[in-house]
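Below you'll find the structure, written out as structure tokens, and then a few comments.
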Amino acid sequence: MGFAALTIAVCLTAPLIGSTPIHISRVFDRTIPFADNVDAQVFFVARLPRVLASVLVGSAFAIAGVVFQAFLRNPLASPDTLGVSSGATLGAVVVITFHIDTAVLGVSAVPVATFAGAAGALGIVYAMSVARRRGTSSTVLLLAGVALSAFLGALNRFIQVIGDYTDTFRSIRWMMGSMDVGSYTDIVVALVPITAACVAIGTLPRELDLVSIGTEAAESRGVDVRRAERVALVSASLLTGSAVSLGGPIPFVGIIVPHIVRLIVGADHRLVLPAAALFGGAFLVICDVIARTAFGAAGMPVGAITAFLGGPFFLWLLFRRMR
Amino acid sequence: MAAVSTNALTGGARDRHEVAKSWFDRLTTGARPELVVLRRAQDDPEICRRVERCLRVFVAVIAVLLASAAPRAAASRVISIIPATTEMLFAMGAGDRLVGVGTYDRFPPEVDRLPRVGALLDPNVERILSLRPDLVILYGTQADLRQQLERAHVPYYPYVHRGLADITQTIRSLGARVGVEAAGNALADRIERQLADIRSRTGSSGRPKTLLVFGREPGTLRNIDASGGVGFLHDMVETAGGANVLADVKQQSVMLSTEVVLARAPEVIIELRYARGDATTAADLRAWDALPAIPAVKNHKVFMLQGEEFVVPGPRVVAATERLAKTLHPELFK
Numbered sequence: 148m149g150f151a152a153l154t155i156a157v158c159l160t161a162p163l164i165g166s167t168p169i170h171i172s173r174v175f176d177r178t179i180p181f182a183d184n185v186d187a188q189v190f191f192v193a194r195l196p197r198v199l200a201s202v203l204v205g206s207a208f209a210i211a212g213v214v215f216q217a218f219l220r221n222p223l224a225s226p227d228t229l230g231v232s233s234g235a236t237l238g239a240v241v242v243i244t245f246h247i248d249t250a251v252l253g254v255s256a257v258p259v260a261t262f263a264g265a266a267g268a269l270g271i272v273y274a275m276s277v278a279r280r281r282g283t284s285s286t287v288l289l290l291a292g293v294a295l296s297a298f299l300g301a302l303n304r305f306i307q308v309i310g311d312y313t314d315t316f317r318s319i320r321w322m323m324g325s326m327d328v329g330s331y332t333d334i335v336v337a338l339v340p341i342t343a344a345c346v347a348i349g350t351l352p353r354e355l356d357l358v359s360i361g362t363e364a365a366e367s368r369g370v371d372v373r374r375a376e377r378v379a380l381v382s383a384s385l386l387t388g389s390a391v392s393l394g395g396p397i398p399f400v401g402i403i404v405p406h407i408v409r410l411i412v413g414a415d416h417r418l419v420l421p422a423a424a425l426f427g428g429a430f431l432v433i434c435d436v437i438a439r440t441a442f443g444a445a446g447m448p449v450g451a452i453t454a455f456l457g458g459p460f461f462l463w464l465l466f467r468r469m470r
Numbered sequence: 205m206a207a208v209s210t211n212a213l214t215g216g217a218r219d220r221h222e223v224a225k226s227w228f229d230r231l232t233t234g235a236r237p238e239l240v241v242l243r244r245a246q247d248d249p250e251i252c253r254r255v256e257r258c259l260r261v262f263v264a265v266i267a268v269l270l271a272s273a274a275p276r277a278a279a280s281r282v283i284s285i286i287p288a289t290t291e292m293l294f295a296m297g298a299g300d301r302l303v304g305v306g307t308y309d310r311f312p313p314e315v316d317r318l319p320r321v322g323a324l325l326d327p328n329v330e331r332i333l334s335l336r337p338d339l340v341i342l343y344g345t346q347a348d349l350r351q352q353l354e355r356a357h358v359p360y361y362p363y364v365h366r367g368l369a370d371i372t373q374t375i376r377s378l379g380a381r382v383g384v385e386a387a388g389n390a391l392a393d394r395i396e397r398q399l400a401d402i403r404s405r406t407g408s409s410g411r412p413k414t415l416l417v418f419g420r421e422p423g424t425l426r427n428i429d430a431s432g433g434v435g436f437l438h439d440m441v442e443t444a445g446g447a448n449v450l451a452d453v454k455q456q457s458v459m460l461s462t463e464v465v466l467a468r469a470p471e472v473i474i475e476l477r478y479a480r481g482d483a484t485t486a487a488d489l490r491a492w493d494a495l496p497a498i499p500a501v502k503n504h505k506v507f508m509l510q511g512e513e514f515v516v517p518g519p520r521v522v523a524a525t526e527r528l529a530k531t532l533h534p535e536l537f538k
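Those sequence lines, one after another, are chains D and X.
Numbering-wise, the first sequence is residues 148 to 470 according to the working numbering.
Numbering-wise, the second sequence is residues 205 to 538 according to the working numbering.
Written as structure tokens, this is what we have:
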């Protein structure tokens, strides 16, 4: 409940905060045509899409983190552990470096390619989880994911080195992440897979609880571990891919937000999942507000803020518990 | 004694002054009468002034002697790994002294005949040394390469790009270093004159509030990079008769949000495209229509200029600045 209140409060206040003062009465003044209404454009084009994108991306990363950490039974697992985020990045880097994005007139091909890259990596992850024989531990999947992630990362760097320096600059810029999406189309497009994945994961809280204790324990309680695992990993990868294609590979949210939430609400996934979604969203909105206001006209990539804020906060939470 | 010298090394100016004074005292106290005279001279302001004047002349003479007695030999095998300095050398007629260029050097076309030796991030030290250069022009931040060249006793010239005025300054010092001082000075004078011409030509008309964008994701308004209030791009806008809307942001490149663009309300937006293989057309500028409240968008003053000369702060800045001026003040260049 507290998390829901926090998220709603944050989402309602965030569009009101910005580097430019606007009058909320002017924003909703229908008598001024939109084309001439600067305040309305600041609100509806510059701020509201950012807030919505931040909520969506933050929630998606946080849920994906919860699922990965539970199913891989590893507290260090994150949305990038299985290489999905690296695959998405590869898609973006390829499109930027080889100027494929200019071919599609009027539509940025970067999010599309990003999602395609994530889907490719997801296919490999899926094949790995299917090929896994009974009895192989999740450690194998984890290691395979780390290897895939490293391999895709190497491909990224290779392409950046052979590319023109101006393109390399652009792809590094993309990798810093940005919530300034500027249009609602991107958000709606990302919303579809994110909703589907959330629904799928929503059926699994009991399985997540049991599997995070151990596969044997889960199986003895009648859980079809392999089926649950497949649904969970594919959904979490889908979340990661959509989030990266919308906002870029934002670090930290997917690995730490699940831990922060567990420290507060405990280990029951029926609580952890919605709490992580809400807190992850609110957290990224706050980070984005800081990114776009605290540094004047020159913005700061939101990815730099997430770890800068979240790191100390998590340490504080951790040590407060230990005392 | 040891304590004193350590103090002199590590302490501040005050400590060093104390040490010097104590040595002077030690020298001048004692039985030797000629040193007592010195001690008295220390108290006489007239003598002090004369001694000071003599010392100044002495230092100046030494400096002149050092400068003329050891002139660095003109370079005949030069490697330049920075596009801007490569263009400068060709423009001052010293292109034939180049034996290697950087991976990103493309202008003038003659560079294609020269071996490539890497660039800012990946200089190939082995290839650089194998070309037996007597001067390597590198970027100021390439600390590793500098160290390696020092070890190999290969002289280098560290270059850093900053403002428009630094371009001609670099041309002058590079010309002197390579041994074509007159040609370097002539080129620098010509560039300065041409830039001054553009400045005076546009000076009399109004200065539109201009946003100079040098990076944006095609098709959207995401990841906008624009010129801040320092650097050659900013200087070019101001010389071309525009007022940079980000002049107060003291950074070369500014990551811009759509909100800040709306707030700054530029009257003209100029987008630069310079990447090789970039086939973006002016149709891509329609992305700006999402923000019709911007005066530049409302009045159809959003332009796209293509060309590598906008990102290479070399001799082509004149042409680049002129193109900016023509875009900002078409009425003056009919």
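C-beta atoms are modelled at their ideal positions from N, C-alpha and C, and glycine is treated no differently.
Owing to the predicted nature of the structure, the values given are computational and were not obtained by experimental measurement.
Could you check if ASN427/X is buried or exposed, using at least 16 other CB atoms within 10 Å of its CB as the buried criterion?
Numbered from 1 along the second sequence, position 223 holds the residue referred to as residue 427/X. Burial call: buried.
Residues of chain D with CB under 9 Å from SER280/X, in chain order?
Mapped onto the second sequence, residue 280/X falls at position 76. Near SER280/X there are no residues of chain D at all, since even the closest Cβ is about 29 Å away, more than 9 Å.
Within 8 Å of any Cβ in chain X, is that where the Cβ of PHE455/D sits?
The residue given as residue 455/D occupies position 308 in the first sequence. No, no contact with chain X.
Which of the three DSSP states, helix, strand or coil, is assigned to THR178/D?
Within the first sequence, residue 178/D is the residue found at index 31, counting from 1. THR178/D: coil per DSSP, three-state reduction.
Cβ contact (3+ pairs, closer than 8 Å) linking the segment 423 to 442 of chain D and the segment 263 to 278 of chain D
no
Quick check for students: name the residue ranges of the alpha helix (DSSP H) that lie wholly in the segment 406 to 462 of chain D, counting only runs of 4 or more.
416 to 440
Please list, in chain order, the residues of the segment 497 to 526 of chain X that have any C-beta partner in chain D closer than 8 Å.
ALA497, LYS502 and VAL515
Measuring alpha carbon to alpha carbon, tell me which residue in ILE498/X, THR406/X, ARG331/X and ASP338/X is nearest GLY446/X.
Counted from its first residue, the second sequence places residue 446/X at position 242. Minimum Cα distance to GLY446/X is reached at THR406/X.
Classify VAL516/X: buried if its beta carbon has 16 or more other beta carbons within 10 angstroms, exposed otherwise.
By one-based count along the second sequence, residue 516/X stands at place 312. The residue is buried, with at least 16 neighbouring Cβ atoms inside 10 Å.
According to DSSP, is ALA430/X part of a helix, a strand, or is it coil?
The residue given as residue 430/X occupies position 226 in the second sequence. Reduced to three states, the DSSP call for ALA430/X is strand.
Does any C-beta atom of chain X lie closer than 8 Å to the C-beta of GLN188/D?
Numbered from 1 along the first sequence, position 41 holds the residue referred to as residue 188/D. Yes, contact with chain X.
Grouping DSSP H, G and I as helix and E and B as strand, with all else coil, what is GLN398/X?
Within the second sequence, the letter at position 194 stands for residue 398/X. DSSP places GLN398/X in helix when its eight states are reduced to three.
Show which residues of chain D have a CB atom less than 7 Å away from the CB atom of ASP300/X.
Position 96 of the second sequence holds residue 300/X. The contacting residues do not exist; ASP300/X stays about 27 Å from chain D at best.
Which residues of chain D have a Cβ atom closer than 9 Å to the Cβ of GLY435/X, listed in chain order?
Locating residue 435/X in the second sequence gives position 231, where the first residue counts as 1. Within chain D, no residue comes near GLY435/X; the closest Cβ sits about 13 Å away, beyond 9 Å.
C-alpha gap between LEU495/X and VAL436/D, whole angstroms:
Position 291 of the second sequence holds residue 495/X. Position 289 of the first sequence holds residue 436/D. Rounded to whole angstroms, LEU495/X to VAL436/D spans 21 Å at the Cα level.
Express the C-alpha separation of ALA187/D and ARG353/D in angstroms, rounding to a whole number.
On the first sequence, position 206 is the one that residue 353/D refers to. On the first sequence, position 40 is the one that residue 187/D refers to. If you take the alpha carbons of ARG353/D and ALA187/D, they lie about 45 Å apart.
Under 8 Å between C-beta atoms, does ALA365/D make it to chain X?
Position 218 of the first sequence, counting from 1, holds the residue named residue 365/D. By this cut-off, ALA365/D is not an interface position.
Is any beta-carbon of chain D found at less than 8 Å from that of ALA274/X?
Within the second sequence, the letter at position 70 stands for residue 274/X. Residue placement at ALA274/X cannot be trusted, given a pLDDT of 45 that sits under 50; the coordinates are not used to answer.
Out of ALA467/X, LEU391/X, ASP429/X and GLU463/X, which has the shortest C-alpha to C-alpha gap to SER457/X?
By 1-based counting over the second sequence, the position of residue 457/X is 253. Answer by Cα proximity: ASP429/X.
Please confirm if GLY253/D has its CB atom under 8 Å from at least one CB of chain X.
Sequence index remark: in the first sequence, residue 253/D carries index 106 (1-based). Because the pLDDT at GLY253/D is just 48, under 50, the model does not fix this residue reliably, and the point stays unresolved.
Please report the straight-line C-alpha distance between ALA297/D and GLY230/D, rounded to a whole angstrom.
If you number the first sequence from 1, residue 297/D lands on position 150. If you number the first sequence from 1, residue 230/D lands on position 83. Each residue's alpha carbon lies about 8 Å from the other.
Assuming TYR331/D is part of the alpha helix (DSSP H), what are its boundary residues?
In the first sequence, counting from the first residue as 1, residue 331/D sits at position 184. 331 to 349 is the extent of the alpha helix (DSSP H) around TYR331/D.
Proximity winner among ALA323/X, PRO359/X and ARG350/X, relative to ALA279/X (alpha-carbon distances)
Within the second sequence, residue 279/X is the residue found at index 75, counting from 1. If we check each option's Cα against that of ALA279/X, PRO359/X comes out closest.
Any chance the segment 189 to 204 of chain D sits against the segment 449 to 468 of chain X, with 3 or more Cβ pairs inside 8 Å?
yes
Can the beta-carbon of GLY450/D be found less than 8 Å from the beta-carbon of ILE397/D?
For the purposes of this step, residue 450/D is taken as residue 303 along the first sequence, with counting starting at 1. For the purposes of this step, residue 397/D is taken as residue 250 along the first sequence, with counting starting at 1. Cβ atoms of GLY450/D and ILE397/D: closer than 8 Å.
Please list the partners that TRP321/D has in chain X, where partner means a Cβ-to-Cβ separation under 8 Å.
For the purposes of this step, residue 321/D is taken as residue 174 along the first sequence, with counting starting at 1. Neighbours of TRP321/D on chain X, chain order: GLU421 and ASN427.
State the Cα-Cα distance for the pair MET158/D and GLY410/X, rounded to the nearest angstrom.
As a first step, residue 158/D is located in the first sequence; it is residue number 11 there, counting from the start. As a first step, residue 410/X is located in the second sequence; it is residue number 206 there, counting from the start. Looking at the sequence shown, residue 158/D is not Met but Cys. Each residue's Cα considered, the two are about 43 Å apart.
Would ALA239/D and ALA497/X qualify as a contact pair, given that the criterion is a beta-carbon distance under 8 Å?
Numbered from 1 along the first sequence, position 92 holds the residue referred to as residue 239/D. Numbered from 1 along the second sequence, position 293 holds the residue referred to as residue 497/X. Going by C-beta atoms, ALA239/D is not nearer than 8 Å to ALA497/X.
Identify whether ILE243/D lies in helix, strand or coil by the three-state DSSP scheme.
Counted from its first residue, the first sequence places residue 243/D at position 96. ILE243/D falls in the helix class under three-state DSSP.
Got a sec? Which residues, its chain only, sit under 6 Å from SER431/X by beta carbon, not counting five neighbours each side?
For this step, residue 431/X is matched to residue 227 along the second sequence. Correct list, in chain order: LEU416, LEU437 and HIS438.
Hey, is ALA209/D close to the ligand COA, as in C-beta under 7 Å from one of its heavy atoms?
The ligand COA is absent from the structure shown, which contains no ligand whatsoever.
Below 9 Å on C-beta distance, what does TYR478/X contact in chain D?
Reading the second sequence from its first residue, position 274 is the one you call residue 478/X. What TYR478/X touches in chain D: THR313.
Is the beta carbon of VAL202/D less than 8 Å from the beta carbon of ALA390/D?
Along the first sequence, read from residue 1 onward, the residue named residue 202/D stands at position 55. Along the first sequence, read from residue 1 onward, the residue named residue 390/D stands at position 243. It is not a contact, given that the beta carbons lie outside the stated cut-off.
Is any beta-carbon of chain D found at less than 8 Å from that of LEU460/X?
The residue you call residue 460/X lines up with position 256 of the second sequence. Chain D contact via Cβ: present.
One or two residues paired with THR414/X in a DSSP bridge:
Working through the second sequence from its first residue, we reach residue 414/X at position 210. THR414/X is bridged to ASN448/X and VAL472/X.
Specify whether the segment 464 to 483 of chain X and the segment 502 to 515 of chain X touch according to this definition: at least 3 beta carbon pairs, one from each stretch, less than 8 Å apart.
yes
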